[in-house]
Every structure is written in structure tokens, then in C-alpha cells.
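A.B. asks: For the sequence shown, my numbering puts the final residue at 214, and the numbers step up evenly by one.
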Amino acid sequence: MRVRFWGLSFGLVPLRLSARVISLRVMPSKPHLRTLIYKRTHPGDPDAFGRFGIEDCMGQVRAWNFEAVIGVGGIGTQASSNRIDARVNWIGIGPHKHASPGMRGPIITFDRFVLFESAGPTFAGVAPRLARRLFDRNVRVLIHDVDEHERAEVAEILALAAKAPPSTKAAPRLSRSINNCRTPRCISSK
25 MRVRFWGLSF GLVPLRLSAR VISLRVMPSK PHLRTLIYKR THPGDPDAFG RFGIEDCMGQ
85 VRAWNFEAVI GVGGIGTQAS SNRIDARVNW IGIGPHKHAS PGMRGPIITF DRFVLFESAG
145 PTFAGVAPRL ARRLFDRNVR VLIHDVDEHE RAEVAEILAL AAKAPPSTKA APRLSRSINN
205 CRTPRCISSK
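#1: Are R111 and T65 close, meaning C-beta to C-beta below 7 Å?
#2: V163 to T192, Cα distance in whole Å?
#3: Is the Cβ-Cβ distance between V178 and T101 less than 7 Å?
#4: Would E79 be called buried (16 or more neighbouring beta carbons within 10 Å of its own) or exposed?
#5: Measure the alpha-carbon distance for T207 versus L154 and round it to whole angstroms.
#6: Per DSSP, what are the beta-bridge partners of H173 in this structure?
#7: Taking the alpha-carbon positions, what's the V45 to I115 distance?
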């Protein structure tokens, strides 16, 4: 079929649009979401309401540009004592950043959020290549520079939260008293 527009002739090609609906937003399907993967030392941030940064964990990193987050328990003594070591602890997809005066970064809620803490799958079981990279090389935070195989592992982990509910946005703000996540608490995550 050909269409004429302003004297020009165009051939029409059927266009197939693909989209994923995440909460009330429509997001185009992508082969890869820009995903922040980081190692944790303790539970509590994000909280049960799905608010990341409530204890100021990961500080300025929360302000970085990403479309999803995967929190993985570290392999040090603190993560082990909290029983979150070497496991996928939580997943957030579709971040919404909220200003948080007095904190190092924004509080983030998500269109899709699942909190596993110590009940999550082992990281090496779901993503063996990424696990080797994070644990063997002692990488604390990873946000880009993933190869094709690692990208597939990220997609597999994110699929665990594909049908998860959103964060609870109306939850009351909790005080930062017990897990005040300032240096050195979050720094010591081997």
C-alpha cells in the first residue's frame, strides 16, 4: 500500500508494536533494562513497603540512572550473620525517585517490587557468571558493562519480579535508628 503525503509517496510496512505494562505505565519491550546490581550486608533497606534508601543504604548510588535494581547478599561475615549471604535478596523494576532531604540520595519506590531477604534464590544458582564476577572480583556495584551472557542472567532474575506488586507509596516514613547505613556498615560487604 502506498500513501501520498505532501506530494511524496511512501510505502507502508506493517508495524508491530511490542510493549510491557508495568503498573500503570507502559514501557516498551527492551532486550536489556539498565540494572543496578549491588551487594548488601544487612536486611531492612529496602523495607517491607518497598522503599529503597530508607536507611540511606547505597547513598548517592540511588541517584544514578537505572531502570531496575537487584540486591544480592554479600559473602562477608555481616551478610552471613544476617542470613542474606550469596542470595538474591530483592528486586525492583520501574523506579520512582523521591527527594529525601538530609539523606545522601533519594528514596526510591518501584512499579514492581519483591522482597526475598534470606528466602531468595542463591545468586550463583540463577546467575553463575554474574556471581563469579561480583564475588571473585569483589565487585560492590555493577550497573553497566555486562556481556551478552550476563545480560541474559539479569533478565532471568528480573523475570522473578515481572508480576510482583508495586511498592507501597503511602507507607509512613520509618526512623533511621537501628540500621543507620552510613560508612562503615555498608562498605564492609565482601
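For every residue, glycine included, the Cβ atom is placed at its ideal position computed from N, Cα and C.
C.D. replies: To lay it out plainly:
#1: Translated into the one-based positions of the sequence shown, residue 111 becomes position 87. Translated into the one-based positions of the sequence shown, residue 65 becomes position 41. Not a contact, by the Cβ cut-off of 7 Å.
#2: For the purposes of this step, residue 163 is taken as residue 139 along the sequence shown, with counting starting at 1. For the purposes of this step, residue 192 is taken as residue 168 along the sequence shown, with counting starting at 1. Their backbone Cα atoms lie some 31 Å apart in a straight line.
#3: The residue you call residue 178 lines up with position 154 of the sequence shown. The residue you call residue 101 lines up with position 77 of the sequence shown. Cβ atoms of V178 and T101: not closer than 7 Å.
#4: Taking the sequence shown and counting its residues from 1, one reaches residue 79 at position 55. E79 is buried by the Cβ-count criterion.
#5: Within the sequence shown, the letter at position 183 stands for residue 207. Within the sequence shown, the letter at position 130 stands for residue 154. Bear in mind that a pLDDT of 39 at T207, under 50, signals an unreliable position, so the number given afterwards is only what the model happens to contain. One C-alpha to the other measures close to 26 Å.
#6: Your numbering for residue 173 matches position 149 in the sequence shown. Note: H173 sits in no beta bridge, so no partner.
#7: For the purposes of this step, residue 45 is taken as residue 21 along the sequence shown, with counting starting at 1. For the purposes of this step, residue 115 is taken as residue 91 along the sequence shown, with counting starting at 1. Only weak support exists for where V45 lies, its pLDDT of 35 falling under 50; the coordinates are left without a value.
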